[in-house]
Amino acid sequence: MCGRFALYSSVNAIMAYADRLAADDAPSYNITPGSSILTISRDGDSRILKRRIWGLVPFWAKDKKIGTRLINARSESLTDKPSFKYAFQKRRCLVIADGFFEWRKRDKQPFYIVGEGLLFFAGLWERWTQPDGTPLETTAIITTPANATMEPLHHRMPVILDAEQAQLWLHPSPSWIALHSLLESTAMSLSMHPVSKEINSPANNHPGLLEEVNMGLF
DNA sequence: CCAGACGTTGTT
DNA sequence: GTCTGG
DNA sequence: CCAGACGTTGTT
DNA sequence: GTCTGG
Numbered sequence: 165m166c167g168r169f170a171l172y173s174s175v176n177a178i179m180a181y182a183d184r185l186a187a188d189d190a191p192s193y194n195i196t197p198g199s200s201i202l203t204i205s206r207d208g209d210s211r212i213l214k215r216r217i218w219g220l221v222p223f224w225a226k227d228k229k230i231g232t233r234l235i236n237a238r239s240e241s242l243t244d245k246p247s248f249k250y251a252f253q254k255r256r257c258l259v260i261a262d263g264f265f266e267w268r269k270r271d272k273q274p275f276y277i278v279g280e281g282l283l284f285f286a287g288l289w290e291r292w293t294q295p296d297g298t299p300l301e302t303t304a305i306i307t308t309p310a311n312a313t314m315e316p317l318h319h320r321m322p323v324i325l326d327a328e329q330a331q332l333w334l335h336p337s338p339s340w341i342a343l344h345s346l347l348e349s350t351a352m353s354l355s356m357h358p359v360s361k362e363i364n365s366p367a368n369n370h371p372g373l374l375e376e377v378n379m380g381l382f
């Protein structure tokens with residue numbers, strides 16, 4: 165699964181990947197569900213970079229509370245689920261991260277996981293009209309079975325796309341077979357190290373959260 | 001037909 | 001145990 | 001994802 | 001909006 169990540173690259177660096185910006189660039193080392201995350205989606209012929217809330221609220225929802233539970237979407241069932249099927253067809257996006265956190269199942273030890281540069285998670289977005297009429301844009305991150313690197317920690321992980329896959333993911337009329345093949349697994353090369361349990365509390369947020377720690381006995 | 005749910009994680 | 005908040 | 005609350009009456 | 005359950 166993916167329930168926490170980090171983004172601290174400058175907006176200048178991120179702009180190398182997008183055509184325009186509609187966001188502030190406050191760094192965060194502990195991004196939690198419910199907060200604002202940086203996404204790229206297609207807008208006509210161009211791509212836009214914008215902040216959206218993490219936790220998908222489908223356009224048909226009567227209450228935005230449903231979003232607190234829709235932070236991830238299983239790749240295997242995207243096309244069947246009323247909460248995700250419309251967004252999968254028309255509102256795919258990338259979620260930008262410098263790395264993400266995973267808690268090892270057996271002992272709750274947190275790890276920080278990185279690639280060789282920015283990470284692009286496959287995501288979905290929605291626009292929901294709030295009671296006062298203002299739009300709320302929200303996001304879910306797609307998960308897939310863990311690859312060999314991640315399996316020791318957990319049996320699920322986010323779908324992470326390389327540049328070529330990301331273009332396909334954002335294409336307005338993609339080959340659906342090709343899209344589905346992107347979601348089956350994550351081939352991206354990743355490395356990881358244990359971090360302090362200080363990451364557990366959403367109140368903590370500083371660069372030290374990413375630093376490797378010794379794990380006591382091992 | 002209408003009412004009510006619409007999800008993932010993990011755990012048992 | 002389950003929900004909400006971060 | 002984890003942490004922290006989980007309630008009413010009434011008072012300031 | 002659409003599907004499932006009653």
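At the far end of the first sequence sits residue 382, using the working numbering, and the numbering has no gaps.
Ideal Cβ positions, reconstructed from N, Cα and C, are used throughout, including at glycine.
Keep in mind it's a predicted model, so treat the numbers as computed, not measured.
Beta-carbon separation (whole angstroms), residue i vs residue j, contact threshold 8 angstroms
{"i": "Leu220", "j": "Leu288", "result": "6 angstroms"}
{"i": "Ile324", "j": "Phe285", "result": "6 angstroms"}
{"i": "Ala225", "j": "Ile195", "result": "That belief does not hold up - the Cβ atoms of Ala225 and Ile195 are roughly 23 angstroms apart, past 8 angstroms."}
{"i": "Tyr250", "j": "His370", "result": "The pair is not a contact, with the Cβ atoms about 39 angstroms apart (cut-off 8 angstroms)."}
{"i": "Pro441", "j": "Cys166", "result": "For the chain, the structure presents residues 165 to 382; residue 441 sits outside this window and is missing."}
{"i": "Ile201", "j": "Arg216", "result": "6 angstroms"}
{"i": "Leu317", "j": "Ser205", "result": "The pair is not a contact, with the Cβ atoms about 29 angstroms apart (cut-off 8 angstroms)."}
{"i": "Pro309", "j": "Arg320", "result": "7 angstroms"}
DSSP beta-bridge partners of residue i
{"i": "Ser376", "result": "In the sequence on display, residue 376 carries Glu and not Ser. Glu376 is bridged to Val359."}
{"i": "Tyr276", "result": "Phe265 and His357"}
{"i": "Asn236", "result": "Ile305"}
{"i": "Phe169", "result": "Ile195 and Phe264"}
{"i": "Leu288", "result": "Arg256 and Ala304"}
{"i": "Leu283", "result": "Ala261"}
Status (buried if at least 16 other CB within 10 Å, exposed otherwise) for residue i
{"i": "Trp340", "result": "exposed"}
{"i": "Gly263", "result": "buried"}
{"i": "Ser247", "result": "buried"}
{"i": "Gln329", "result": "buried"}
{"i": "Pro336", "result": "exposed"}
{"i": "Arg233", "result": "exposed"}
{"i": "Ala327", "result": "exposed"}
{"i": "Ser239", "result": "buried"}
Meets three-Cβ-pair contact criterion under 8 angstroms: the stretch 295-307 and the stretch 265-275: no
Determine, using beta-carbon pairs with one atom in the stretch 333-344 and one in the stretch 298-312, whether at least three such pairs fall under 8 angstroms.
no
With a floor of 4 residues, list each alpha helix (DSSP H) that falls wholly inside the stretch 290-357, ordered by position along the chain. For the stretch 290-357, whole alpha helix (DSSP H) runs of length 4 or above, ordered along the chain, are 327-334 and 340-347.
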